[in-house]
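Numbering (the numbering used here), first residue to last: 65 to 331.
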């Protein structure tokens with residue numbers, strides 16, 4: 065594998081998407097290390113929103129712009145393009161989620177604040193139950209990213225790239241809901257024994273299938289972009305509303321099946 069080609073692809077993708085990655089990192093930095101809430105309760109909606117924001121942009125950027133046929137005629141192979149975009153987009157999201165989850169598990173935000181002063185904000189978080197919330201905050205956004213990224217890389221028309229956020233939200237969401245139903249029938253409460261391994265398996269299978277499909281894909285070009293910017297604003301507002309409803313429903317369901325301590329820091 066030509067390292068110069070890989071470096072060039074990384075640099076190209078960074079120039080195209082550095083604004084999105086910087087905003088994602090700034091939101092993560094504030095939500096995990098500054099805002100007084102347990103990191104898993106921030107990482108779950110943050111991860112899903114970030115995955116929907118960057119997955120379609122990385123996976124289907126050429127298809128949505130109608131320049132994929134030209135891109136395929138350049139020296140970098142399709143495998144190199146797919147893997148570089150996956151590494152930069154998915155790798156960045158995965159790294160932020162892993163570090164944020166570890167920060168919540170080991171109470172690192174409180175320790176960092178304790179280096180400067182002692183106050184009520186530095187008190188340790190109350191234990192989280194059910195314990196799979198940490199794993200869910202890591203795996204659910206990665207599953208959303210995997211679905212939207214693979215679907216974006218595999219879409220055959222610019223029209224398909226306009227609905228990646230919808231597919232990335234509802235397909236993993238429906239799969240997760242089915243896992244929750246199975247857990248409720250088997251254990252009468254949410255345990256994560258089915259949902260967490262299921263999400264990890266789904267992510268790997270979806271990325272693998274997307275990689276295989278992308279290698280044999282014909283280029284998409286010569287067609288106008290479908291989604292105007294004004295429509296994306298309404299779609300984003302609808303997405304935020306749906307996510308808020310889903311997160312609240314999941315929290316109420318978890319609380320009904322097993323008592324959950326308040327995520328806010330104790331004074």
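Quick reminder that beta carbons are idealized off the backbone N, C-alpha and C, glycines included.
Predicted model, so just to flag it, every value in this text is computed and none were measured.
Taking three-plus beta-carbon pairs below 8 Å as touching, is the stretch 203-213 in contact with the stretch 226-246? With a cut-off of 8 Å, the stretch 226-246 and the stretch 203-213 count as touching, because enough Cβ pairs lie within range.
Residue 143 to residue 177 span [Cα, whole Å]: Straight-line Cα distance between these residues: approximately 44 Å.
Measure the C-alpha to C-alpha separation of residue 102 and residue 231 and round it to an integer number of angstroms. Whole-angstrom Cα-Cα distance: 29 Å.
In chain order, each alpha helix (DSSP H) run of at least 4 residues that lies wholly inside the stretch 92-164: Unbroken alpha helix (DSSP H) stretches of 4 residues or longer found wholly inside the stretch 92-164: 103-123, 125-129, 132-136 and 142-149, given in chain order.
The stretch 159-178 in contact with the stretch 251-264 per 3-pair CB rule at 8 Å: At 8 Å Cβ cutoff, the stretches do not touch.
From the DSSP output, in three-state form, read off residue 332 for me. Any property of residue 332 remains undetermined from this structure, which presents the chain solely from 65 to 331.
Local conformation of residue 280 per DSSP, three classes: Residue 280 sits in coil when the DSSP states are folded into three classes, being neither helix nor strand.
Within 8 Å, do at least three Cβ pairs link the stretch 112-126 to the stretch 243-255? With a cut-off of 8 Å, the stretch 112-126 and the stretch 243-255 do not count as touching, because too few Cβ pairs lie within range.
Beta-carbon separation of residue 154 and residue 110 under 9 Å? Contact: no.
Distance, residue 247 Cα to residue 89 Cα: The alpha-carbon atoms of residue 89 and residue 247 are separated by roughly 34 Å.
Less than 9 Å between the C-beta atoms of residue 216 and residue 125, yes or no? Between residue 216 and residue 125, the CB-CB gap stays under 9 Å.
Kindly list the residues whose CB is nearer than 7 Å to the CB of residue 91, restricted to its own chain and excluding five residues on each side of it in sequence; keep chain order. Answer for residue 91: 110, listed in chain order.
Can you tell me whether residue 254 is helix, strand or coil according to DSSP? Coil at residue 254, not helix or strand.
Output the boundary residues of the alpha helix (DSSP H) element that contains residue 211. Counted as a single uninterrupted DSSP element, the alpha helix (DSSP H) harbouring residue 211 occupies residues 197-218.
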